[in-house]
Amino acid sequence: MAGMEGLLAKLDASSYDACELCPRRCGAARSQGKAGICGATATPRVARAALHFWEEPPISGEAGSGAIFFTGCPLRCRFCQNHQISQEGFGLAVSTSRIAEMMLELEAQGALNINLVTPLHFAPTVRKAVLLARENGLAIPTVCNTSGYELPEVVRAMSDVIDIWLTDFKYASPTLAGSLSAARDYPSVAAAALVEMVSSVDAAGGRLVGEDGAMKRGVIVRHLVLPGHVDDSCAVLDRVWETCGNAADLSVMNQYTPNDTCRKACGDLARAVTDEEYEIVLCHADDLGFENIWWQEGGTVSESFVPAFDATGVEGPELPGTQEAAPSLPSGRKGV
Numbered sequence: 128m129a130g131m132e133g134l135l136a137k138l139d140a141s142s143y144d145a146c147e148l149c150p151r152r153c154g155a156a157r158s159q160g161k162a163g164i165c166g167a168t169a170t171p172r173v174a175r176a177a178l179h180f181w182e183e184p185p186i187s188g189e190a191g192s193g194a195i196f197f198t199g200c201p202l203r204c205r206f207c208q209n210h211q212i213s214q215e216g217f218g219l220a221v222s223t224s225r226i227a228e229m230m231l232e233l234e235a236q237g238a239l240n241i242n243l244v245t246p247l248h249f250a251p252t253v254r255k256a257v258l259l260a261r262e263n264g265l266a267i268p269t270v271c272n273t274s275g276y277e278l279p280e281v282v283r284a285m286s287d288v289i290d291i292w293l294t295d296f297k298y299a300s301p302t303l304a305g306s307l308s309a310a311r312d313y314p315s316v317a318a319a320a321l322v323e324m325v326s327s328v329d330a331a332g333g334r335l336v337g338e339d340g341a342m343k344r345g346v347i348v349r350h351l352v353l354p355g356h357v358d359d360s361c362a363v364l365d366r367v368w369e370t371c372g373n374a375a376d377l378s379v380m381n382q383y384t385p386n387d388t389c390r391k392a393c394g395d396l397a398r399a400v401t402d403e404e405y406e407i408v409l410c411h412a413d414d415l416g417f418e419n420i421w422w423q424e425g426g427t428v429s430e431s432f433v434p435a436f437d438a439t440g441v442e443g444p445e446l447p448g449t450q451e452a453a454p455s456l457p458s459g460r461k462g463v
């Protein structure tokens, strides 16, 4: 594993040669145009870059978070609301320079932060883009918005460019993780990644929130309560508490909305979470001792939480003064 640590520590273009950037370690020759299990080659694709108002209050505030939605995902969640980009390949090919310019454009629009959504299968490129944007004046925090299914080595290698970790912790049960996301190792992987996220924030000085309530540095752990799986939700909170206690904020969500696949399959995942189920999980969070808890009030079950993946804000100028070859993939809206 020492060799792997060395490879990931530098996060350069060679990381795409035989890709092991995510826990799948599929070894795809992404630099040669082969797609990994994440669905992506080495050329990054982005589906949307715009102000986003539906994150937790310390992330979105009233001004909005500058969200950049990357195409592809190492997980295969049956209930995914963003399946258009996570599994169906929607997105336009972009250069590192263009990603950096997107960040500066979002900052100019008043974004509280740059919200990188599911970015780490493109970690070498994203890291380079953040550094490039900072060299050109980017002054707002950067958020890594992740499923939690990440290698600690990659989290560590990205820690110098990420200020806020906005991470899911989806399951405590390997069986449930295998059934719903094809990743039985999810609980252990997510816990190890969370340890590294908390460590990176501690090393930078710990949780920091401005007078306006906007988070500048920290970790927020999200958990989406799934209908019929309250026991696992409570077990997730137990695992998070054991892993980091109050070193992270907790966000417990009730916005589960069944997609077409889940509706057709019937069963619990064909319905919304009940008020009773949600209250059980929230009470368990209180009982454990979490101090910073975010929760959702009624009326959150809606597909309106899913932004329009229509390439808004993706196309545009490169960062002035940079020179980079055009992406090797055509700028089509359908990926591999």
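If you want this note's numbering, it's the 1-based position in the sequence shown plus 127. C-beta: ideal position from N, C-alpha, C; glycine also. Computed from a predicted model, the values in this text were never measured in an experiment.
Quick one: residues in its chain with C-beta nearer than 6 Å to the C-beta of G305, no 5 flanking neighbours on either side, listed in chain order?
The beta carbon of G305 is closer than 6 Å to those of R311 in its chain, skipping five residues each way along the sequence.
May I ask you to report which of helix, strand or coil DSSP gives W181?
Here W181 sits in coil by DSSP.
Buried or exposed: where does P447 fall if 16 or more other Cβ atoms within 10 Å of its Cβ makes it buried?
Answer is exposed; the Cβ neighbour count stays below 16.
So A412 and L364 are in contact, right, with Cβ under 8 Å, and what is the actual spacing, rounded?
Contact flag correct, Cβ pair sits at about 5 Å.
So the beta strand (DSSP E) V379 belongs to, where does it begin and stop?
V379 -> beta strand (DSSP E) spans D376 to M380.
A235, buried or exposed, once every other Cβ within 10 Å from all chains shown has been counted against 16:
It counts as exposed.
Per the contact definition of three or more C-beta pairs closer than 8 Å, is the segment 206-220 in contact with the segment 248-267?
Too few Cβ pairs lie closer than 8 Å, so no.
For P184 versus G340, is the C-beta distance shorter than 8 Å?
Closer than 8 Å, so yes.
Expressed to the nearest angstrom, what Euclidean distance is found between the alpha-carbon atoms of N272 and N240?
In a straight line, the C-alpha of N272 is about 12 Å away from that of N240.
Count the other CB atoms within 10 Å of the CB of G163; is the residue buried (16 or more) or exposed (fewer)?
So G163 counts as buried.
In whole angstroms, what is the alpha-carbon distance linking I347 and G333?
Each residue's alpha carbon lies about 13 Å from the other.
3-residue-minimum beta strand (DSSP E) runs that sit fully inside the segment 279-348, ordered along the chain
Secondary structure remark: continuous beta strand (DSSP E) runs of at least 3 residues inside the segment 279-348, in chain order: 291-295.
Would a C-beta distance cut-off of 8 Å place L247 and V281 closer than the cut-off?
Yes.
Would you kindly work out how many angstroms separate the C-alpha atoms of P354 and A309, rounded to a whole number?
C-alpha separation (whole angstroms): 19 Å.
Let's test the definition: count the other Cβ atoms within 10 Å of the Cβ of A375 and tell me whether it reaches 16, buried, or not, exposed.
It is buried - the Cβ of A375 has at least 16 other Cβ atoms within 10 Å.
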